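Following: one structure in structure tokens, then a few remarks.
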Amino acid sequence: MKIGLIGTGMLGESVGLHLLQSGYQLIAYNRTDEKTKELKTNGAQIVSTPKEVALNSDIVITVVKDSNAVRQVSFEEDGIIFGNHKGLIVCDMSTINPLESKKISKKFFEQNISMLDTPVMGGPNVAINGNLVMMAAGNKDSFTKCKKLFETIANKVFYLGENGSAHAVKLAMNLQITLLALALSEGITLVRGAKIDPAIFLEILNSTYFKTGMSENKASKMIQGKFEATFTLENLKKDIHTISETSKSFELELPMIKKAEEIYENAVNEGFGNLDYTGILAYLKKINEKN
Ligand SMILES: NC(=O)c1ccc[n+]([C@@H]2O[C@H](COP(=O)([O-])OP(=O)(O)OC[C@H]3O[C@@H](n4cnc5c(N)ncnc54)[C@H](OP(=O)(O)O)[C@@H]3O)[C@@H](O)[C@H]2O)c1
Numbered sequence: 095m096k097i098g099l100i101g102t103g104m105l106g107e108s109v110g111l112h113l114l115q116s117g118y119q120l121i122a123y124n125r126t127d128e129k130t131k132e133l134k135t136n137g138a139q140i141v142s143t144p145k146e147v148a149l150n151s152d153i154v155i156t157v158v159k160d161s162n163a164v165r166q167v168s169f170e171e172d173g174i175i176f177g178n179h180k181g182l183i184v185c186d187m188s189t190i191n192p193l194e195s196k197k198i199s200k201k202f203f204e205q206n207i208s209m210l211d212t213p214v215m216g217g218p219n220v221a222i223n224g225n226l227v228m229m230a231a232g233n234k235d236s237f238t239k240c241k242k243l244f245e246t247i248a249n250k251v252f253y254l255g256e257n258g259s260a261h262a263v264k265l266a267m268n269l270q271i272t273l274l275a276l277a278l279s280e281g282i283t284l285v286r287g288a289k290i291d292p293a294i295f296l297e298i299l300n301s302t303y304f305k306t307g308m309s310e311n312k313a314s315k316m317i318q319g320k321f322e323a324t325f326t327l328e329n330l331k332k333d334i335h336t337i338s339e340t341s342k343s344f345e346l347e348l349p350m351i352k353k354a355e356e357i358y359e360n361a362v363n364e365g366f367g368n369l370d371y372t373g374i375l376a377y378l379k380k381i382n383e384k385n
């Protein structure tokens, strides 16, 4: 089975490398072609348009920034639909608005292309070993055809029903990430203000029921001021905005995410966007610096 990959940023590159290591034939495209070098070195065939990816693949995975990017690589000049052939399935691993995803899948369906939503939890460091957690939605038969591939990419795969539902759950997951990163960062900032070593705070937190994967695995880097991105603050801000938009369209009031959007937006405007999302701690440090 030939797999196409569109988008070889942080997440896409790791997913692609893992597929190559697992024996899949991979055809890859990225808008900025320097980012395909590592995949090429590891045996991927690199092509110059999404259309060529589709023409040469049975299943195409898109892992791009947002819904505009998904639309661009799917429907615009030399997009996926121009490489349509019998049986083509598109799996979108980008994090996007569930309502957008419904519209995009409908547009694919009109071209006789089945599109599955396949957002994931976990970053490049777990994708490289096939240990993502995947939420999938869309046509059940297409899902069944892709299941083996999905089980290579992820160690847990959840099928959730019709298009849009996987993205809704993914947004609820990113809401957790957002508020956990803020809670940790504010806790660290508070103990620092009290002149207490944040390492002690983390040791105590991690001895309790309230510990998280983030407090156990990311927080020690945070207090050392190490924010090398596996998922950028800018991209989390994009997802927070999507959560806000989605909750509005469901007529829901989510006050915490509204506040978080303001904080992450300010952090991006202050130049923290390329840090890891946990770099929100560095932004809090900045706004608390006394003159
Ligand atoms: N990193 C994670 O931990 C993680 C985890 C789960 C989900 N995600 C989601 O996965 C997606 C990719 O994330 P990432 O971390 O890999 O981000 P990234 O490193 O910033 O990569 C973004 C990718 O999107 C492409 N792109 C952006 N705008 C485009 C456009 N208009 N047309 C075509 N391609 C476009 C970029 O191409 P260029 O190289 O040309 O800019 C790049 O390949 C996002 O939706 C993100 O929310 C990420």
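The numbering used here puts the first residue of the sequence shown at 95, with every later residue one more than the last. Note that the Cβ used here is the ideal one computed from N, Cα and C, for glycine as well. Predicted model only: the values in this text are computed from it and were never measured.
For M350 against L273, the beta-carbon gap comes to about 6 Å, under 8 Å, which counts as contact. With contacts defined by Cβ atoms closer than 8 Å, G101 and N136 do not form a contacting pair.
Residue pairing by DSSP puts I153 in a beta bridge opposite I97, I183. Restricting attention to N233, G258, F237, M228, the CA atom closest to the CA of N249 is found in M228. Looking at the backbone, the Cα of L284 and that of Q205 are separated by about 55 Å. Listed in chain order, the alpha helix (DSSP H) elements of length 4 or more contained wholly in the region 267-311 are 292-299, 307-311. Taking a 10 Å sphere around the C-beta of E345, we find fewer than 16 other C-beta atoms and assign the residue as exposed.
In the three-state DSSP reduction, T372 falls in the helix class (H, G or I). G181 sits close to D152, with the two beta carbons spaced by under 8 Å. The region 355-373 makes no contact with the region 289-301: fewer than 3 CB pairs, one atom from each, lie closer than 8 Å.
With contacts defined by Cβ atoms closer than 8 Å, L99 and I175 do not form a contacting pair. Cβ-Cβ distances below 6 Å link L378 to S279, T283 in the same chain, with the five nearest sequence neighbours on each side left out; the list follows chain order. In the three-state reduction of the DSSP assignment, T212 falls in the coil class, being assigned neither a helical nor a strand state. Distance from the C-beta of N329 to the nearest heavy atom of ligand 1 is below 7 Å. For the pair E355 and S338, the CB atoms are nearer than the 8 Å cut-off. Between T306 and I190, the beta carbon gap of about 25 Å keeps them out of contact (Cβ cut-off 8 Å). Between I140 and N382, the alpha-carbon positions lie close to 47 Å from each other. DSSP places A221 in the uninterrupted alpha helix (DSSP H) bounded by 218-221. Rounded to the nearest whole angstrom, the C-alpha separation of H112 and D127 is 19 Å. The beta-carbon separation of G110 and A138, rounded to 6 Å, stays under the 8 Å limit for a contact. Taken from the Cβ of N124, at least one heavy atom of ligand 1 lies inside 7 Å.
For N136, there is no enclosing beta strand (DSSP E), as DSSP marks it with neither H nor E. Within the same chain, D211, P213, M229, A230, A231, L254 come within 6 Å of A260 by CB-CB distance, once the 5 residues on both sides are set aside.
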